[in-house]
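In this note's numbering, the protein residues as written are 24 to 364.
The structure is reproduced here in structure tokens:
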């Protein structure tokens with residue numbers, strides 16, 4: 024069959040292409056219903072990646088956050104019309120000591136492979152996870168970015184020492200909100216401090232124990248561990264402020280993406296004996312465990328409703344462009360496309 028794929032041909036220009044889609048016994052077919060725009064999508068859309076990268080990867084269908092309904096399953100893994108979240112990571116091999124999202128051979132939708140901006144998506148059953156039928160579709164749409172936060176916290180548990188009285192999160196955007204919320208639910212006895220630059224945004228972190236503007240952190244304030252959720256040009260200041268505020272032998276989780284190298288105070292990293300680790304993307308296990316956490320702590324979903332931003336029905340390329348342009352001007356919140364194709 025021919026599948027309709029909406030590819031970004033060049034920055035700010037989408038085009039329709041038709042690609043053959045095989046109907047076989049090993050893949051299920053999902054019809055996307057809700058898609059969410061991520062900062063990575065915007066970097067391609069706005070042409071903010073280096074020209075060499077854009078030339079290598081475009082044209083390409085964007086979007087790696089999305090849910091849909093199963094329309095065909097020869098494996099009998101899912102019921103037809105069941106609600107599922109699609110996993111964008113596509114491992115090409117397995118390794119006992121390297122997770123699927125860190126294997127250099129893995130492909131990732133919307134980065135090295137066409138994303139979910141298409142009429143139908145063919146996936147292996149392992150790339151699909153069932154969702155509760157009563158889950159809020161708009162929240163479920165960005166399960167992928169929430170799974171990224173869950174993945175980083177799972178790695179943090181392996182690398183950090185047992186003293187977790189205070190955990191700091193630098194970043195008042197979507198990733199900071201998600202990560203600090205998960206930390207509060209997964210470490211209820213820890214104090215979660217959030218550090219940001221916008222007081223209005225910080226006011227939404229009602230679950231946090233304290234919030235601070237990065238320009239007015241109380242003298243002597245310390246955290247046992249920290250998560251950096253800033254990225255971009257501001258990550259240098261954020262990481263170095265973390266190094267100043269963190270207690271000796273604390274653990275720093277780096278989650279923000281930066282295009283350029285970031286200079287940090289390695290002298291103090293050495294003097295304090297700090298552990299710094301990076302996390303990127305997530306894998307099937309993270310999706311499964313996150314959805315179980317949703318079931319055990321349903322109020323997480325209620326808090327996540329606060330970062331649902333614009334919800335835009337998409338029926339044409341014009342609507343896609345409108346959604347991306349709207350997202351550019353959003354201060355906080357996820358832009359959801361109701362994929363009515």
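For each residue, glycine too, the CB sits at the ideal point set by N, CA and C.
Return the chain-ordered list of same chain residues with a C-beta closer than 7 Å to the C-beta of residue 280, the five sequence neighbours on each side being excluded.
254
What is the rounded straight-line gap between the Cα of residue 274 and the Cα of residue 297?
Take the alpha-carbon of residue 274 and the one of residue 297: they are about 6 Å apart.
For a minimum of 4 consecutive residues, which ranges assigned as the alpha helix (DSSP H) are wholly contained in the segment 67-102?
74-80
Please list the terminal residues of the continuous beta strand (DSSP E) segment that includes residue 156.
Neither: residue 156 is in no beta strand (DSSP E) and is coded neither H nor E.
Tell me the residue span of the alpha helix (DSSP H) that contains residue 258.
258-268
What residues are listed by DSSP as bridge partners for residue 371?
Residue 371 is absent from the model: the chain starts at 24 and stops at 364.
Considering only C-alpha positions, which residue in the set 321, 171, 71 and 347 is nearest to residue 303?
171
Provide the residue span of the alpha helix (DSSP H) that contains residue 291, from first to last.
289-295
Quick one: using the 10 Å Cβ neighbour count with 16 as the cut-off for buried, is residue 123 buried or exposed?
By the neighbour-count criterion, in which 16 or more other beta carbons inside 10 Å mark a residue as buried, residue 123 falls on the buried side.
Which stretch, first to last residue, makes up the beta strand (DSSP E) that contains residue 174?
For residue 174, there is no enclosing beta strand (DSSP E); the residue is found in the alpha helix (DSSP H) stretching over 166-182.
Cβ shell of residue 338 (< 6 Å), same chain only, five flanking positions each side left out
363
Can you tell me whether DSSP reads residue 315 as helix, strand or coil?
Here residue 315 carries a helix assignment [DSSP, helix/strand/coil].
Extent of the continuous beta strand (DSSP E) to which residue 203 belongs
It is not in any beta strand (DSSP E) - residue 203 instead sits in the alpha helix (DSSP H) that spans 197-209.
Return no unless some Cβ of chain B is closer than 7 Å to the Cβ of residue 98.
No chain B appears in the structure shown, which is made up of a single protein chain.
What do you reckon, are the CB atoms on residue 93 and residue 107 nearer than 7 Å?
yes
Give the straight-line distance between the Cα atoms of residue 292 and residue 256, rounded to the nearest whole angstrom.
Their Cα atoms are separated by approximately 21 Å.
For residue 165, which residues of its own chain have a beta-carbon under 7 Å away from its beta-carbon, when the five flanking residues on both sides are left out?
Sequence-distant partners of residue 165 (beyond 5 residues in either direction) whose C-beta falls short of 7 Å from its own C-beta, in its chain, are 59, 88 and 357.
Which word fits residue 112, buried or exposed, when buried means at least 16 other C-beta atoms lie within 10 angstroms of its C-beta?
buried
Using C-beta distances below 8 Å, list every residue in its chain close to residue 346, excluding the 5 sequence neighbours before and after it, in chain order.
60, 333, 335, 337, 358 and 360
Taking 8 Å as the limit between beta carbons, can you name the residues of its chain near residue 174, skipping five residues before and five after?
124, 302, 304, 305, 306 and 309
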